[in-house]
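Each residue of the sequence shown is one higher than the last, beginning at 514 in this note's numbering.
Even for Gly, the Cβ is constructed at its ideal location relative to N, Cα and C.
All remarks here apply to the structure that follows.
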Amino acid sequence: MILFNTKKILSVLVLLFCLFAQLKAKDVLFDFQANPWNLPTASSGGSANNSKLDETIQINQEGVIITNQKLHENYYNKLSGGSLVIYPKNSITISAPRGFKIVGVDFELEDEYTFDLNNPQDPYDVHASYDNAHYTSKATGVELKYTSKNSTSKVRRIVVHIEPNVISGIEQVITPNTSNDKIYNLQGIEVGSLSAFNSLPKGVYIVAQKKIIKR
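Structure follows, in structure tokens:
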């Protein structure tokens, strides 16, 4: 049997804070010129299918993951000439590792004319900083999507700034599963949910097929 005790919840929270305190903010570099992931590269006269970056390819750097999405009528994103080439209507999604959130993204471009990526949170022509062949996005979140709206974008390097996401990490642990939070008495009759547990009289209850003592 399990004793429903707020001390246990507090202990879990303290443990989580200790774990997240060990996480450090850092900058993660994606260098498409160096291509340390050995991604397929487009070559003159080569088959486009051999170099396409479809949704199944994850570009993983220190736990930060970039994936590619295709909405262009013909072309997938690709690696060509040392740049990640993102065709019109196509996009990339940048995902933070578990326990982290993205707090900004820097793009180093092939040149100042080859960039049209936009994030709804931070469109480059309104809020972000754009200087020559560099673009700084201030969008934040655990997952950010950038779409090349009307023209092709060519990105040589991406620097993703991440920091610990303490609140989000705790919420992932303590948020109850709504399908398993119903409370039953020993006769199998539903008497409430976990949110109302403290208002129930003393006794033995069943939650998620486990007995809980209310003292």
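query                                                                                                                                                               : result
May I ask you to report which of helix, strand or coil DSSP gives ASN632?                                                                                           : coil
Report the residue from THR627, THR554, SER650 and ASN645 whose alpha carbon sits nearest the alpha carbon of THR665.                                               : THR627
Taking the alpha carbon of LYS658 as the point to measure from, which residue in GLN571, PRO549 and ILE607 has its own alpha carbon closest?                        : ILE607
Report yes if the C-beta distance between GLN571 and VAL541 is below 7 Å; otherwise report no.                                                                      : no
Which of helix, strand or coil does DSSP assign to VAL679?                                                                                                          : helix
Rank THR554, ILE578, ASP619 and ARG670 by C-alpha distance to the C-alpha of TYR589 and give the top, closest one.                                                  : THR554
If the criterion is Cβ atoms closer than 7 Å, does the pair PRO610 and GLY576 meet it?                                                                              : yes
Under 7 Å, do SER596 and ARG670 count as touching if we go by C-beta distance?                                                                                      : no
When DSSP labels each residue in this structure, what does ASN603 get in the three-state scheme?                                                                    : coil
Kindly provide the ranges of any beta strand (DSSP E) runs that are 3 or more residues long and lie completely inside the segment 573-603, ordered along the chain. : 577-582, 590-593 and 596-599
If you run the structure through DSSP and keep just helix, strand and coil, what is LEU707?                                                                         : helix
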